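Peer 1: Residues 1 to 215 in our numbering are what the sequence shown spells out, letter by letter.
Right, I'll just put the structure down here and ask away after.
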Amino acid sequence: MSQDTEIPQYFHEAVRSMTEAEVRSGIQITEIRPPRNLAPLSHAVGLEVLHTDENSGETTIAADSSGHDAFGRLILLHDPSSEEHWRDPISDQHLPKMRMVAYIQADMDASVASDPLLPDVAWDWLTEQLDGPDCTFTDLGGTVTSTASVRYGEIGGPPRAFQLEMRASWTAHGAELSAHVTAFSHVLANVAGMPPEGVAAPRFGGNQSRQAMQR
């Protein structure tokens, strides 16, 4: 964030709410360095899907035994000089609008990645989570991309790899952003193919993703 920008108290509250947000079990949240020069004030958190090593039983953020991985980034951007505000009908206060920028990348099995409905379903996961009672937002937009990569010659990795990428942004109303982070963690869990909480560990991008798409 810019050294010349005075940081208002509500932005401190927004950062605190993101950092202290509860995320879905099986996901780890940490503060990360936000991209530079996108806004006078910014903050970012990284969300990583945890994996349990089949041999040691230890939990790590490394890829699982099949080489699948999934992670997300959620960035808060704000310009205090902006004239855009939102009036809270309950308190009658004019609260700041802040822009949330989200990114998810997840490895997929070929059977899931080839499903033509995958982008639509993944976007539905995002809208359903943000439509919860505690997320107040407008101006949601973004893209979902399903890609296939084929490796040739002397390069490491599987011969064929499939990934899903989601890029989205929306305007959050007010400084309480914990619900946005919580919602985002559930979207990441769905994209990563994690089973419902309390069920055995998933195989990322595999049958669990297909079952989630069918729910």
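Even for Gly, the Cβ is constructed at its ideal location relative to N, Cα and C.
A quick note: this is a predicted structure, and the numbers were derived from the prediction, not measured.
Any chance the stretch 36 to 52 sits against the stretch 158 to 165, with 3 or more Cβ pairs inside 8 Å?
Peer 2: With the cut-off at 8 Å, the stretch 36 to 52 and the stretch 158 to 165 do not touch.
Peer 1: Label Asn190 either buried or exposed according to how many other C-beta atoms from any shown protein chain fall within 10 Å of its C-beta, with 16 as the threshold for buried.
Peer 2: Burial call: buried.
Peer 1: In this structure, does DSSP put Glu31 in helix, strand or coil?
Peer 2: DSSP places Glu31 in strand when its eight states are reduced to three.
Peer 1: Measuring alpha carbon to alpha carbon, tell me which of Arg167, Leu177, Val121 ends up nearest Lys97.
Peer 2: Nearest option by C-alpha distance: Leu177.
Peer 1: Determine the direct distance from the alpha carbon of Glu197 to that of Glu6, and round the result to whole angstroms.
Peer 2: Using only the alpha carbons, I get a separation of about 42 Å.
Peer 1: Determine the contact status of Ala44 and Arg36, defining contact as a CB-CB distance below 8 Å.
Peer 2: Cβ atoms of Ala44 and Arg36: not closer than 8 Å.
Peer 1: Let me know if Ala62 comes out buried or exposed under the rule of 16 or more other beta-carbons within 10 Å of its beta-carbon.
Peer 2: Because the pLDDT of Ala62 is 47, which lies under 50, any placement of that residue in the model is unreliable, and the question is left without a value.
Peer 1: Does the beta-carbon distance from Gln14 to Ala168 come in below 8 Å?
Peer 2: The residue you asked about is not Gln; residue 14 is Ala in the sequence shown. Going by C-beta atoms, Ala14 is not nearer than 8 Å to Ala168.
Peer 1: Within the same chain, show all residues whose beta-carbon is closer than 7 Å to that of Ser2, passing over the 5 residues directly before and after it, in chain order.
Peer 2: Residue placement at Ser2 is flagged as unreliable, the pLDDT there being 45, under the threshold of 50; the coordinate-derived value follows with that caveat. So the list reads Pro40, once near-sequence residues are dropped.
Peer 1: In three-state terms, what does DSSP make of Ala122?
Peer 2: In the structure shown, Ala122 sits in a helix (DSSP, three-state: H, G or I).
Peer 1: By how many angstroms is the C-alpha of Thr138 removed from the C-alpha of Val181?
Peer 2: So the two alpha carbons sit approximately 16 Å from each other.
Peer 1: Using only alpha-carbon positions, find the residue among Gly141, Thr127, Leu117, Ser17 that is nearest to Leu164.
Peer 2: Here the closest residue by C-alpha is Leu117.
Peer 1: By DSSP, does Glu48 sit in helix, in strand, or in coil?
Peer 2: Three-state result, Glu48: strand.
Peer 1: From Pro133 to Ser25, what distance separates their C-alpha atoms?
Peer 2: Going by the C-alpha atoms only, they are around 21 Å apart.
Peer 1: With H, G and I counted as helix, E and B as strand and the rest as coil, what does DSSP make of Arg171?
Peer 2: Looking at the sequence itself, residue 171 is Thr, so the reference to Arg does not match. In the structure shown, Thr171 sits in a strand (DSSP, three-state: E or B).
Peer 1: Between Val101 and Thr30, what straight-line distance do the alpha-carbon atoms span, to the nearest angstrom?
Peer 2: Approximately 16 Å, taken between the alpha carbons.
Peer 1: Quick check on DSSP: helix, strand or coil for Ser185?
Peer 2: In this structure, Ser185 counts as helix in the three-state DSSP scheme.
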